[in-house]
Amino acid sequence: MNALLDVQDLTVAYGADTVVDRVSFAIGPGECVALVGASGSGKTTIARVLTGMHDTSARVAGRAMFDGTDLVTADGSHWRALRGAGIGYVAQDPFAACDPLRQVQDHVAEAWRARGLRVDQTTILDRLSAVGIAEPGRQSRLAPHCWSGGMLQRASIAAASAHRPPLIVADEPTSALDTDRADGVLSTLRDSGSAILLISHDLGLVRRHADRIAVLDNGRIVETCAANRLDGAGHPATRALLRSQDVAVPNRRSPGHTLLSARDVTRSYGPDRPALHPVSVEIGKGAAVGVIGPSGAGKSTLLRLLAGIETPDSGAIDRHPDLSRPGAIMPIFQNASASLDARWPVWRSVTEPAAARRRLPRKVRRELAREMLARVGLDGIDPDARPQELSTGQCQRVAIARALSAEPLLLVADEPTSALDTLSRRRIADLLLEALEQGIGVIVATHDTWLSAVLGCTEVRVRAQGVGLTEPMRRP
Amino acid sequence: MTVAETLLSPGRPRDPVTATDRRFLRRLWRHRSGRAGLCLGAVLLLFTLLGAIWTPFEPDWPDYGAALQGPGWPHLLGTDVTGRDLLSRLMDGAWRSLGAALAVLVSIFAIGLVYGTLAGLARGVADAVMMRFADVMMSLPGLVLAFAVIGILGPGFGNLLIALIIADWAWYARLARSLALSARDRPDVIAARMAGVPHRRIVAGHVLPGIALHLGVVASLALGGMIGAISGLSFLGLGVQPPHAEWGAMLSEARLYFVVAPWLLWGPAAMILLSVLSANLISHGLRDVLAVEGRR
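Sequence order for the protein chains is A and B. Last residue of the first sequence: number 703 in the numbering used here, and the count goes up by one each step with no gaps. Last residue of the second sequence: number 281 in the numbering used here, and the count goes up by one each step with no gaps.
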């Protein structure tokens, strides 16, 4: 096989910790191979090694032949010749990849300048319009923050493919984007004509764009198959990734009596700073409501109003009398680890609401915590663990366990999955579904269309104020 | 690990303080600087306690026959101009220097913590009034304020400590207030509030410990300065009155004879140095341990 990139037994270790274990794969010219896997499976490490950006403390063994050069042993001068001309790179977060003080056209021009070449304005504009940027002349003079995430990622693709490199390595190029835009960006990437090594945790997305998919689990490739054969894949890690994408439309329960209804509530922080334009919400027992809208439109503000943390400037909120009990409305936050007291062991956080109602001896609380943690699938963890010993996904489950231990009637979740990978996201969604089954109402503010589809949310849109050039971003 | 090694190895990687060590003190103990500071602090504490119950010679008793003897036997560190044993005076003066600095710090720590947290949690008019008062206190230079207080109360060791407390508490109050303000909107505090946890238990469980730890780091960093301030004011004759021993006062006396009897300086200078070193090592450890604890 005449491979463009041929990786043989690539092994990467940090100290005693083997992160990538004898990984072999090959990419042919023009082919798109996706490396997928959960967080920590070693995907990014492979991308780093193949672009020469891995940590110097890493011990790398094996071979990675590209155009007659072994990338594992390549030195600085090799890399200077290879980067851009031989191997292009597209980063995860386009905003982080761009200097906020420079114009977008400077970032594209950098691809030429870095190699000591001069480039004229027309070439840049041509390249930008080739990746689907409308009005490139006007847009390219704006600063990166004025661009949307999807557009800016396209501009980075234009920069990465400036010298038509035979291979482009793209590390989670779409994890900061919502699904529609992710598809657009990946199509652009494929249109560049280069072979692509696509790193992603999102199986649903890569199966639509890649030719072949290699599934990584704990640093090893456990399964390789053609993208269209993915459904026949049998490895548990692959199945878990596949399941995390499913949208089983929930049986629409008929919602119970109305728990809370808000009519035309508004809120502003100061005369020129309206945080929320009039919006109305109604939620019943066991029903899910999704608050949808662009960043800064007031989703979090609306949740705080509904939860009673703040009072609206105008409009009315009717709460069912049952909701006046403490703990009847419980919050779930975006930043899961910050929502738990860092000094407290998790058993203490989880049982805090229960202990608020009546004094409980420590032994009872620990027992209760064990029970609640088992309910959210965390029976394996030590109840004495501190939040910083847990992953973000585990912290979010602890936070849900805490919310449930208050025996709530209504859960108010602000972007509960935005910081999580797809597997953790799936688990959180399952827990929220369970809560719905038990008749708990759930209000969730999210950019994540997948989450609101899975929960079967009735959508409430909040309107953006001012000029919103930025589209919804789902931060990784 | 000796103190010197700790100080001479700034480039080494951070001590492996693992999050699995649950107990705060145990984590501090596992931290290299923290442990060095704790050990040194324990030695100083023993020295102070011993000095309070026993000294080799009567510390304030002159023995003109033995004036200005160099280090040797029976006066291990030598004697001063009136023949008093220096080691005995160092031991006797330890609680006045070290104990007084700790007492002042603990006082301003407690006053600042309560005052600032109350202001931060109260918000509104009460907060504004309390903090403007604190601002007034902060706008006066610390030592000048201390002079003024001593001028009103009269010189004396107790009044010196009161003066230092009055001069410094407002800084801690301001820090505590800003931490309390941000604590109100912390997700864990909001969750506790919505779960119906009583207000005082939220304050005691979530808010105060975090603020206290932060203030603790600041206070431990200030210990060196505080010993210096007490020594300095005693040096000026505003604190400990003769014939009582205090490290700063001893330095003050020693400066007159340091050409003929340099050993008079060694003891008190070394004790102040070691105390400051111990406090700084502990605060260095505290800072790292706190960083492991997360964002507060």
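By construction, the Cβ of each residue, glycine as well, lies at the ideal position given by its N, Cα and C atoms.
{"query": "Strictly below 7 Å CB to CB, what residues from chain B border Leu567 of chain A?", "result": "Asp173"}
{"query": "Tell me whether the beta-carbon of Thr644 of chain A lies closer than 8 Å to the beta-carbon of Ala662 of chain A.", "result": "no"}
{"query": "Which ranges would you report for the alpha helix (DSSP H) in the segment 627 to 680 of chain A if only whole runs of at least 4 residues count?", "result": "649 to 664"}
{"query": "Counting only Cβ pairs nearer than 8 Å, list the residues of chain B close to Ala583 of chain A.", "result": "Ala177, Ala180, Gly181, Val182, Pro183, Arg186"}
{"query": "What are the start and end residues of the alpha helix (DSSP H) that includes Leu166 of chain B?", "result": "142 to 169"}
{"query": "So what's Ala385 of chain A in DSSP terms, helix, strand or just coil?", "result": "helix"}
{"query": "According to the neighbour-count rule (16 or more other Cβ atoms, all chains shown, within 10 Å of its Cβ), is Thr401 of chain A buried or exposed?", "result": "buried"}
{"query": "Going along chain B, which residues have a C-beta under 8 Å from Asn562 of chain A?", "result": "Pro172"}
{"query": "Between the alpha carbons of Asp499 of chain A and Thr349 of chain A, how many angstroms are there, rounded?", "result": "41 Å"}
{"query": "Along the segment 533 to 560 of chain A, what residues have a CB closer than 7 Å to any CB found in chain B?", "result": "Ala534, Ile536, Pro553, Gly554, Ile556, Met557, Pro558, Phe560"}
{"query": "Of all the options A:Ala240, A:Gly295, A:Gly604, A:Glu686, which has the alpha carbon lying nearest to the alpha carbon of Asn229 of chain A?", "result": "A:Gly295"}
{"query": "At the 8 Å Cβ level, is Ala633 of chain A part of the contact set with chain B, yes or no?", "result": "yes"}
{"query": "So, helix, strand or coil for His269 of chain B, using DSSP?", "result": "helix"}
{"query": "Mind checking Asp429 of chain A: buried by the 16 CB within 10 Å criterion, or exposed?", "result": "buried"}
{"query": "Are the C-beta atoms of Arg570 of chain A and some chain B residue less than 8 Å apart?", "result": "yes"}
{"query": "Spatial neighbours of Pro47 of chain B within its chain, please: C-beta separation below 7 Å, excluding the five flanking residues on both sides.", "result": "Thr67, Gly68, Arg69"}
{"query": "Quick one: is His199 of chain B near chain A, going by C-beta distance under 8 Å?", "result": "no"}
{"query": "Could you tell me whether the segment 505 to 525 of chain A touches the segment 481 to 493 of chain A, using the rule of 3 or more Cβ pairs below 8 Å?", "result": "yes"}
{"query": "If you drop the 5 nearest sequence neighbours on each side, which residues of the same chain put their C-beta closer than 7 Å to that of Ala243 of chain A?", "result": "none"}
{"query": "What separation, rounded to the nearest whole angstrom, lies between the Cα atoms of Ile627 of chain A and Leu605 of chain A?", "result": "11 Å"}
{"query": "Please look up how many angstroms separate the CB atoms of Gly255 of chain A and Ala422 of chain A, rounded, as I've assumed it's under 8 Å.", "result": "7 Å"}
{"query": "With a 10 Å radius around its C-beta and 16 neighbouring C-beta atoms as the bar for buried, classify Trp58 of chain B as buried or exposed.", "result": "exposed"}
{"query": "Can you check DSSP and say which residues form a bridge with Phe293 of chain A?", "result": "A:Leu232, A:Thr296"}
{"query": "Under the assumption that Val274 of chain B contacts Leu13 of chain B (Cβ atoms under 8 Å), give the Cβ distance between them as a whole number of angstroms.", "result": "5 Å"}
{"query": "Looking at the unbroken beta strand (DSSP E) that takes in Ile199 of chain B, where does it start and where does it end?", "result": "The identity of residue 199 of chain B in the sequence shown is His, whereas the question assumes Ile. That residue, His199 of chain B, is in no beta strand (DSSP E); its alpha helix (DSSP H) goes 193 to 220."}
{"query": "Any residues in the segment 191 to 218 of chain B with a beta carbon nearer than 9 Å to a beta carbon of chain A? Which ones, in chain order?", "result": "His191, Pro194, Gly195, Leu198"}
{"query": "Where does Val704 of chain A sit, in a helix, a strand or coil, going by DSSP?", "result": "In the structure displayed, chain A extends from 228 to 703; residue 704 of chain A sits before or after that span and is not available."}
{"query": "Please identify the residue among B:Ala85, B:Leu103, B:Met123 whose C-alpha is closest to the C-alpha of Gly282 of chain B.", "result": "The question about residue 282 of chain B has no answer here: the residues shown for chain B are numbered -14 through 281."}
{"query": "Check the DSSP bridge columns for Gly288 of chain A and list the partner residues they point to.", "result": "Checking the sequence, you will find Ala at residue 288 of chain A rather than Gly. In DSSP, Ala288 of chain A forms a bridge with A:Thr238."}
{"query": "What are the start and end residues of the beta strand (DSSP E) that includes Met557 of chain A?", "result": "556 to 559"}
{"query": "When we look at the beta-carbon of Met280 of chain A and count the other beta-carbons within 10 Å, is it buried (16 or more) or exposed?", "result": "exposed"}
{"query": "Less than 8 Å separating the beta-carbons of Ala397 of chain A and Val317 of chain A?", "result": "yes"}
{"query": "Less than 8 Å between the CB atoms is what I'm expecting for Cys452 of chain A and Leu379 of chain A, so what's the real figure, rounded?", "result": "That belief does not hold up - the Cβ atoms of Cys452 of chain A and Leu379 of chain A are roughly 33 Å apart, past 8 Å."}
{"query": "Output the distance between the C-alpha atoms of Phe118 of chain B and Arg162 of chain B, rounded to the nearest integer angstrom.", "result": "13 Å"}
{"query": "If contact is defined by three or more beta carbon pairs under 8 Å, each pair taking one atom from either stretch, is the segment 132 to 146 of chain B in contact with the segment 188 to 199 of chain B?", "result": "no"}
{"query": "Does Thr673 of chain A get closer than 8 Å to chain B when you measure Cβ to Cβ?", "result": "no"}
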